[in-house]
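Novice: Quick note: the sequence shown, position 293, residue 293 per full-length UniProt numbering, numbers continuous. Every residue, glycine too, gets a C-beta built ideally from N, C-alpha and C. Shown below is the structure under consideration.
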Amino acid sequence: MGIFIKNDFSFVVGSSVCESFFILLSARLTGTITTKISGKDCPDSKNETAFISTGINCSLGIQNNSINNDHIKNFSKLCQNETMSQPTNDLYGNVVWSSIQYLFVVGILQAFCVLIQYYAFDTSGRRQTNRIRNNLFRAMLQCNVTYFDENQTGRLNSKLFENIEIVGKGIGLDLAQILRSLGKLASSICVAFYGSWQIALIMTYTIPLVIVTGKLFSKAITKETFNEFNAYSKAGHIAQEVFSSVRTVLSFNGAKFAHQQYTQKLEGCQRSSIKKGFVYGLFRGWMYFNLYLTYAVGFLCGLLLMNAKKNLVSLVDILVVVLAFARGIAAFRLVGIFIQSSAEVCGAATPAWDFLDNVEAGKSIETGIFEDNNKEKKTSINGNIRFDKVTFTYPTRPDVCVLQNMSLLARAGETTAIVGASGSGKSTLISLLLRFYESTSGQIVINGQSLSNYSVAELRQNIGVVNQEPTLFDTTIYENIRFGKKDASKIEIEEAARLANAHDFIMRLPEKYETVVGERGAQLSGGEKQRIVLARALVKQPQLLLFDEVTSALDRKNEKIVQEALDQACKDRTTIVIAHRLRTIQNANQIYVLDNGTLIEQGTHETLMVIDGGKYQAMFRAQQTKETVYDNDDEMVNKLPEKQLPTTNIDEHPETIFADAKLESLNYVESSVTSQRSIIWRLISMNKLQWIPILIGGLACTCIGAVEPTFAVALSFIINESDNNDFSSSHIDYVRDCLSV
Ligand SMILES: Nc1ncnc2c1ncn2[C@@H]1O[C@H](COP(=O)(O)OP(=O)(O)O)[C@@H](O)[C@H]1O
Ligand SMILES: [Mg+2]
1 MGIFIKNDFS
11 FVVGSSVCES
21 FFILLSARLT
31 GTITTKISGK
41 DCPDSKNETA
51 FISTGINCSL
61 GIQNNSINND
71 HIKNFSKLCQ
81 NETMSQPTND
91 LYGNVVWSSI
101 QYLFVVGILQ
111 AFCVLIQYYA
121 FDTSGRRQTN
131 RIRNNLFRAM
141 LQCNVTYFDE
151 NQTGRLNSKL
161 FENIEIVGKG
171 IGLDLAQILR
181 SLGKLASSIC
191 VAFYGSWQIA
201 LIMTYTIPLV
211 IVTGKLFSKA
221 ITKETFNEFN
231 AYSKAGHIAQ
241 EVFSSVRTVL
251 SFNGAKFAHQ
261 QYTQKLEGCQ
271 RSSIKKGFVY
281 GLFRGWMYFN
291 LYLTYAVGFL
301 CGLLLMNAKK
311 NLVSLVDILV
321 VVLAFARGIA
331 AFRLVGIFIQ
341 SSAEVCGAAT
351 PAWDFLDNVE
361 AGKSIETGIF
371 EDNNKEKKTS
381 INGNIRFDKV
391 TFTYPTRPDV
401 CVLQNMSLLA
411 RAGETTAIVG
421 ASGSGKSTLI
431 SLLLRFYEST
441 SGQIVINGQS
451 LSNYSVAELR
461 QNIGVVNQEP
471 TLFDTTIYEN
481 IRFGKKDASK
491 IEIEEAARLA
501 NAHDFIMRLP
511 EKYETVVGER
521 GAQLSGGEKQ
531 RIVLARALVK
541 QPQLLLFDEV
551 TSALDRKNEK
561 IVQEALDQAC
571 KDRTTIVIAH
581 RLRTIQNANQ
591 IYVLDNGTLI
601 EQGTHETLMV
611 IDGGKYQAMF
621 RAQQTKETVY
631 DNDDEMVNKL
641 PEKQLPTTNI
651 DEHPETIFAD
661 AKLESLNYVE
671 SSVTSQRSII
681 WRLISMNKLQ
691 WIPILIGGLA
701 CTCIGAVEPT
711 FAVALSFIIN
721 ESDNNDFSSS
731 HIDYVRDCLS
741 V
């Protein structure tokens, strides 16, 4: 990387040197051509030796130096001929031709330098971007779960991908642009001083002016960019939240509300963008003004100096200085683009950097999670699990005590059930066991050792978890199960699937284990998803199984199938089952009843059922009554022909789904060709509503376009008229004497 950066800079220097030569050559060429055009005859000749020996520059173009010494001598000699001769024209042609040749070579060199420079910067920018993304991804995974409780996933996403893309551009191509512009600026100033230090000295007033104002503008643009980013990230978060739970939004008729919220946030983005655009336009306008001011001041001062003292400056000197400063300012104007880009880079990178710093500074529980999982298997956590007076408060809600003095025991090789009303703290117990959080007081002991003595990685390697919400990744069933054990063989995977009661239905799928399950397993039914998730938990042969309301979202039929799989899986394993439906845990060795974060009852099903007025007994009876009603409902559902089941199981009607997909893609190909034109028209017609700003912008563009040719006319006028001007006539006469042909 270091070598790359070094090379990048050498090409920046190379391109700046080419730039300087370009200014000198073009000024020389302009001067020479002007000489030729203005030289109509050759009056009294001057003393050639005097001219050369004084080392004075010939005013209209050719400088006396080691390269063109011969040319000047020849020109001077030719002046004495007083005739327009062929050799004179040849000589003029030689000067012009050599300049053009040099220009050509400089052009090629410049093109090469710019090409390499941009390529190198782009490459290094991309590499840096990937490194930052990698670090962020890693750091995010190392964060405590609390971080994800506090931050929305939308914001995390934009930090990871969208923002870093902007950073990459800023440290790649835009950096190349700024360095090139700064190189141009520096070389232009050098060339200007080389041309005429007197005029250049006067013109230096522009340097602090553009730098100070540039900095002020940059500050304003950075501020607005930051606001814009914040606003976009909020809008993005709303969009992500709505689309990830679109069914809920639609079922609550919440589309209008969601749309209003999104529009509101977008308006915030728009305000910041408009402000930023205005400040940026102001900056560009100011730089244009400075550019033309440079020409005006340069020519004025140059011609005044030319008049004040003969031979002090020539037209070429003026041209060199003015062109150099103009190019310098034009370069700085491009710096403006980078100022905006660097402001965006800062705006985009700030949250990412803050995050990385916080992760480094903060105490993360998630240490060692990138270590090799397989070696963690060596430690055994097979033993009793004891919660010893555990009290816990979520860091995000410090005023609510979720668990109070909780003490319970899950014996090794047995099934322990935890029941209780929703919000009583059951899932929190599992989160503490998995060390997503640390308990506020008390301790959890596994196999005689405090939980904190185990590394997070070794602990989780030995625990299999299945939650109420089955989480599948958008890949094949094989890969989804393999996520439990990265080096699992196909045989191991299929064995786990058999244990989880999933093998048979997987084999009925068209692609069997190679079936891609869709985003979050969208192409499978709830029961099927749960069985794959169970297989994933079982494939790593965990010593401890945690089931958190695995069947509570399933209908009776699916519940039965999944429950059979769960019962099979817990045989001879330490298992903690959290269940909402009490009939599923009747056979548990020990049942704990929680209420509002405290333990209120414990025992087996039989002992708990005999506690008159007990919570468990009441809950069980209430559920029994409900379930008779539901069972009837379930039976009705079970009697429906398969096709009418409200499920997205592709096993049941795979052709329909795939046929639809094919049809859609065909339609898309056809329509994409025909509708491309109409899309352009639609985009244009969308702008109808914005006709006022577009009209004003268009008029401003026309004015800008008109300024450049007007300026060219003015410049040619200055050059042409400089020899007719009274104040310089004597000087021009002298020049004609020595150079006219
Ligand atoms: N990540 C969290 N941050 C803050 N509070 C939480 C979090 N998760 C759960 N809670 C709160 O903790 C309490 C217990 O939640 P939980 O353990 O999920 O209950 P259960 O699983 O018994 O339904 C609830 O009041 C819930 O609102
Ligand atoms: Mg829960």
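#1: Using the rule of at least 16 other Cβ atoms within 10 Å of the residue's Cβ for burial, across every protein chain shown, is E150 buried or exposed?
#2: For D487, report the span of its alpha helix (DSSP H) as first-last.
#3: Using 8 Å as the threshold, is the C-beta distance between L185 and F332 below it?
#4: With DSSP as the reference, please indicate the residues paired to L544 in a beta bridge.
#5: Strictly closer than 5 Å from CB to any heavy atom of ligand 1: give me those residues in the order they appear in the chain.
#6: Counting pairs of Cβ atoms below 8 Å between the region 403-411 and the region 451-466, do you hit three or more?
#7: Can you list the alpha helix (DSSP H) stretches of 4 or more residues lying completely in the region 176-257, in chain order?
#8: Mind checking whether Q530 and V562 have CB atoms under 8 Å apart?
#9: Between the alpha carbons of G168 and I116, how many angstroms are there, rounded?
#10: Can we count D399 as close to ligand 3, meaning its CB is less than 7 Å from some heavy atom?
#11: So the beta strand (DSSP E) L436 belongs to, where does it begin and stop?
#12: Quick check on H259: buried or exposed, where buried means 16 or more other Cβ atoms within 10 Å of its Cβ?
#13: Per DSSP, E601 forms a beta bridge with which residues?
#14: Between the alpha carbons of D634 and A352, how many angstroms are there, rounded?
#15: Which value, in whole angstroms, describes the spacing of the CA atoms of L304 and S314?
#16: Report yes or no: do the region 256-276 and the region 225-237 share at least 3 C-beta pairs separated by less than 8 Å?
#17: Throw me the rounded Cβ distance for the L433 and L546 pair, which I believe falls under 8 Å.
#18: Residues in its own chain within less than 8 Å of V210 by CB, not counting five upstream and five downstream?
#19: Could you tell me if the beta carbon of E228 falls within a distance shorter than 7 Å of some heavy atom in ligand 2?
#20: For L175 and F121, what's the separation of their Cα atoms in angstroms?
#21: For the beta strand (DSSP E) that N405 lies in, which residues bound it at each end?
#22: By DSSP, does D317 sit in helix, in strand, or in coil?
#23: Rounded to the nearest angstrom, how far is the Cβ of I694 from that of N687, given a contact under 8 Å?
#24: Would the C-beta of D548 count as close to ligand 2, meaning under 7 Å from any of its heavy atoms?
#25: May I have the straight-line CA-CA distance separating I650 from L509, to the nearest angstrom?
#26: In angstroms, rounded to a whole number, what distance separates the CA positions of F278 and F217?
#27: Just checking, does the region 388-401 make contact with the region 573-587 on the three C-beta pairs under 8 Å criterion?
#28: Could you pull the start and end residues of the alpha helix (DSSP H) that T146 belongs to?
#29: Give the secondary structure of D388 by DSSP, where H, G and I count as helix, E and B as strand, and everything else as coil.
#30: Reducing DSSP to helix, strand and coil, say where I381 ends up.
#31: Below 8 Å between beta carbons: does that hold for L136 and L356?
#32: Helix, strand or coil: which one does DSSP assign to T551?
#33: Check for me: the beta strand (DSSP E) holding A588 runs from which residue to which?
#34: In terms of DSSP beta bridges, what is A535 paired with?
#35: What is the residue span of the beta strand (DSSP E) that I506 lies within?
Specialist: Judging by the given coordinates:
#1: exposed
#2: Unbroken run through D487: none, as it is neither H nor E.
#3: yes
#4: I463, T574
#5: D149, Y394, T396, R397, V402, S422, G423, S424, G425, K426, S427, T428
#6: no
#7: 197-203, 206-244, 246-251
#8: yes
#9: 18 Å
#10: No copy of ligand 3 appears in this structure; the ligands present are ligand 1 and ligand 2.
#11: It is Phe, not Leu, that sits at residue 436 in the sequence shown. Per DSSP, F436 belongs to no beta strand (DSSP E) and is neither H nor E.
#12: exposed
#13: V593
#14: Any reading at D634 needs caution, since the residue's pLDDT is 45, under 50, leaving its predicted position unreliable; the model's value is listed next. Distance between the alpha carbons of D634 and A352: 51 Å.
#15: 11 Å
#16: yes
#17: 7 Å
#18: M287, N290, I329, F332
#19: no
#20: 7 Å
#21: 401-410
#22: helix
#23: 6 Å
#24: yes
#25: For I650, the predicted structure reports a pLDDT of 33, less than 50, and the residue's modelled location is therefore unreliable. A value from the coordinates is still provided. Those two C-alpha atoms are separated by around 7 Å.
#26: 11 Å
#27: no
#28: 145-150
#29: strand
#30: coil
#31: yes
#32: coil
#33: Per DSSP, A588 belongs to no beta strand (DSSP E) and is neither H nor E.
#34: DSSP lists no partner for A535.
#35: I506 -> not in any beta strand (DSSP E); alpha helix (DSSP H) instead, spanning 503-508.
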